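2 protein chains.
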Amino acid sequence: MFRGDCIMARFSTFAQTLQADDIAEILALTQKPEVISFAGGLPAPELFPIEEMKKVDEAIYTEQGRQAVQYGPTQGYDLLREQLAARMKDKFFVDCTPDNIVITTGSQQALFILAQILLDKGDTVLMESPTYMGAIMAFDPSGPRYTTVSTDENGIVVEELEKVLASDDSIRMIYVIPEFQNPTGITWPVERRKAFMDVINKYDVVVLEDNPYGEIRYGIDKLPSLKSMDTQGKVVFMGSFSKTFMPGFRLGWIVAPDDVVDKFVKVKQSVDIGTSTFGQRQAAYFCKMYDMEAHIKQITDLYAKRRDLMCDSMEKYFPQEVKFNRPQGGLFTWVTLPEGIDAKALMRKAIAKNVAYVPGVIFYPNEGEVNHFRLNYSNMTEDRIVEGVKRLGELLHEELDK
Amino acid sequence: MFRGDCIMARFSTFAQTLQADDIAEILALTQKPEVISFAGGLPAPELFPIEEMKKVDEAIYTEQGRQAVQYGPTQGYDLLREQLAARMKDKFFVDCTPDNIVITTGSQQALFILAQILLDKGDTVLMESPTYMGAIMAFDPSGPRYTTVSTDENGIVVEELEKVLASDDSIRMIYVIPEFQNPTGITWPVERRKAFMDVINKYDVVVLEDNPYGEIRYGIDKLPSLKSMDTQGKVVFMGSFSKTFMPGFRLGWIVAPDDVVDKFVKVKQSVDIGTSTFGQRQAAYFCKMYDMEAHIKQITDLYAKRRDLMCDSMEKYFPQEVKFNRPQGGLFTWVTLPEGIDAKALMRKAIAKNVAYVPGVIFYPNEGEVNHFRLNYSNMTEDRIVEGVKRLGELLHEELDK
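Order-wise, the sequence lines are chains G and P. The numbering of the first sequence is our numbering, which starts it at 1 and goes up by one. The numbering of the second sequence is our numbering, which starts it at 1001 and goes up by one.
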């Protein structure tokens, strides 16, 4: 086989835009065990139900045998779609049937395929700013432009949304994370959701409601999803098993109107034929054999404790000018430095102190504010949370007390 | 939730081309148990190693625990890539390292992502004609044009290939299946492979060598893959576990030069973040704990028997004017009717006799010959093979003896 530099000179125009990423290179340094990294977004592995999964897999092979490992329908495993239809009602107030549901290879795949079926090159996607960077990556291959609307402490600013929609008829898709947003941790109250739906109902747009964290809530009441308020078939809901169950199985789902399901399934067939038939049964059988709600309660109890510990430690160790939020769910808190401090520039100093975060600038689809960073608290033992925040506090004092 | 007709009027230009497919609708009729369907391409489920998999999963949970179900690296599980590097040497004469390998969510995903990174809208893909229809589906979202080169009983016609390449500088990618081709079952002899490489080395093109069937060979010697003859880093090899192991886990791989691996991994991250970390371990641990070669021998012994039975039955029951091949590996045989007989038009009559095939016309990227059909023999018990071929023979006699 040929080795060394490759002469494969020509990539697609899109692929040529994929360049080495300096932040990714810095984050690669955080893999060392001595670094306390708040940079990831991983769930707590100590709660993965490994012993239960041994029994789950055994039951799948015994009860389903060969069918569990053969090709399956592209739309997904019947039992799992039935369970999810019930779950959508119970957890998100959405009244749908299994026919409205497609199982995806993680909700990342949902983002990617929805962009493929909804966007032409040059169409505009409207997003919160900041927002999930993985969504931008999933939409990029379709070649859209991005326009943004600010968020306040209650989510997307609806007056600004209306102005932007009224002034730009190239907007075809709106991407939002209304619950425990990544990266800010913000949740939209029900009034904001209603106001949002009132606005978007006036325009010819599709809303992607990304909800991977909605079941990771710390004691606050369930809120109706945007999809539950959707009277015109304009909202596609995206859910995920990565935070409530285990991410390694790569399982997510969409809830969508019939015509979107039809196009989505056709494209999914050409993308991966279908999501692992065995993996789908692992989730379905776990839900059938064990108490998923009790499992989620374990997760939320642990994460609430870690959130408190992180926020309390920030109060103790961070300079007073540094602000942060205490999220009511999800995996992240968002830290705001005084204006003029660049969180990306500070990263190498943080890593020198063996602590890491993600600089906020990467979460902005267009130009962004530089004085934020995101901290993850789900994937870290309590002692390391305290020690890591303490190290960050030292760094911030050094910078701000200069 | 909104029900009924959807008002989501606007899909992407590409999605609008995805229309209802009359052949798919007819094939949906073949799901009834009374229909003997040779239309699929499924492996024989009776050889799936279900009891072994119980032990495999147990070992993964016990030895690897949480790591086996957490997010993993996008490029794939180390041990599996190491095993595959050795396998590539042993089975396909390719000298590569684990760094050249990316694990994919089935080889369908490899086709899709390679098109994304290699093709701009309007670029030309050169293909055998007929060829795997799933490749066309995977390439379509990138908006290419297709040009074709004829095949004879030894594969792609190299003289024609050279003429087409010399006359069309928009050709950027060549897609071929040199072993036990789907749908024709043809395998290129080594001389043809060498002549092919001599031609493509003169042009600035990338070759996708799709090889899902190469390990399903009936007693004939292994042949060097195109990738093993690649001195310029122009060939990307695609492999699959769907035929040798189990398709439900959705596991495939590519072997590619460094720069392709780099772009591929970046796009895969935005498509599904990574292939199931647990699924990858299911394949790796099966290879570690059991004798994969003995398992593949069981498969090839059974399929060779079924191929013989199908071909012998066709000799017995089909009219003499009907031709077919006796493939030396893979899952399919290709039947050629006398010119003027339309295999698609004949399909409804076949289904009325409770027997089904795939009409050949769907395997042509552009205009195609109508007097072929494809038969699968891997996924059918022996008595049903004989009975199905007998029914087809009756139909063909009725049509040809008119």
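Ideal Cβ positions, reconstructed from N, Cα and C, are used throughout, including at glycine. As the structure is a prediction and not an experimental result, all values here were calculated from the model.
- The stretch 345-362 of chain G and the stretch 18-27 of chain G touch, with three or more beta-carbon pairs separated by less than 8 Å.
- In the DSSP assignment, F112(G) falls within the alpha helix (DSSP H) that extends over G106 to L118.
- By the Cβ rule, the stretch 91-101 of chain G does not count as touching the stretch 123-142 of chain G, because fewer than three pairs are nearer than 8 Å.
- Proximity of P141(G) to chain P, defined by a Cβ-Cβ separation below 9 Å, is satisfied.
- Residue state for G40(G) is assigned as coil, using DSSP reduced to three classes.
- The C-beta separation of G252(G) from A110(G) comes to about 6 Å, placing the pair in contact by the 8 Å criterion.
- In the three-state scheme derived from DSSP, where H, G and I count as helix and E and B as strand, P1141(P) is classed as helix.
- The C-alpha of F1139(P) lies about 27 Å from the C-alpha of L1080(P).
- For Q1269(P), the C-beta contacts it makes with chain G under 9 Å involve Q108, G134 and M137, in order along the chain.
- If you check each beta-carbon in the stretch 1084-1099 of chain P against every beta-carbon of chain G, the ones closer than 8 Å belong to V1094, D1095 and C1096.
- Counting along the chain, the unbroken beta strand (DSSP E) around F1332(P) starts and ends at F1332 to T1336.
- When only Cα atoms are considered, K263(G) and L208(G) end up about 15 Å apart.
- Annotation: Cβ neighbours of T13(G) in chain P (cutoff 8 Å, chain order): D1120.
- Here the stretch 1190-1208 of chain P makes contact with the stretch 1222-1236 of chain P; the two share three or more CB pairs at distances below 8 Å.
- When DSSP reads this structure, G1155(P) sits in a beta bridge with D1152(P).
- Just measuring C-alpha positions, the residue of N201(G), M238(G) and G185(G) sitting nearest Y218(G) is G185(G).
- Proximity of chain G to F1324(P) at the Cβ level (cut-off 7 Å) is not reached, the minimal Cβ distance being about 25 Å.
- Contact check for L1084(P) against G1239(P) passes: the beta carbons are separated by less than 9 Å.
- S1129(P) has S1150(P) as its beta-bridge partners, per DSSP.
- When secondary structure is reduced to three states using DSSP, I1174(P) falls in the strand class.
- In the structure shown, T1275(P) falls within a coil segment according to DSSP collapsed to helix, strand and coil.
- Between F14(G) and E1321(P), the alpha-carbon positions lie close to 51 Å from each other.
- The three-state secondary structure of A356(G), taken from DSSP, is strand.
- In this structure, the alpha-carbon of G122(G) lies about 46 Å from that of I50(G).
- P43(G) is the residue among E191(G), P43(G) and I113(G) whose C-alpha sits nearest the C-alpha of M246(G).
- Not a single C-beta of chain G is nearer than 9 Å to the C-beta of Y1213(P).
- Spanning the alpha carbons of T124(G) and I254(G) requires a straight line of approximately 22 Å.
- Take M310(G), set aside five residues on each side of it, and the residues of its chain with a beta-carbon closer than 7 Å to its own are T333, L375, Y377, I385 and V389, in chain order.
- Secondary structure remark: continuous beta strand (DSSP E) runs of at least 3 residues inside the stretch 200-251 of chain G, in chain order: 206-210 and 235-240.
- Annotation for L1395(P): no beta strand (DSSP E) segment contains it, though the alpha helix (DSSP H) segment containing it runs E1382 to L1400.
- The bridge partners DSSP lists for W1253(P) are I1103(P) and G1239(P).
- Judged by pairs of C-beta atoms under 8 Å, the stretch 188-195 of chain G touches the stretch 142-158 of chain G, as three or more such pairs exist.
- Against chain G, the beta carbon of A1068(P) has neighbours under 7 Å at G248, listed in chain order.
- It is roughly 59 Å from the alpha-carbon of G1214(P) to the alpha-carbon of L396(G).
- M1053(P) reaches chain G at Y61, counting residues in chain order whose Cβ is nearer than 7 Å.
- Between T147(G) and I171(G), the gap from beta carbon to beta carbon is short of 9 Å.
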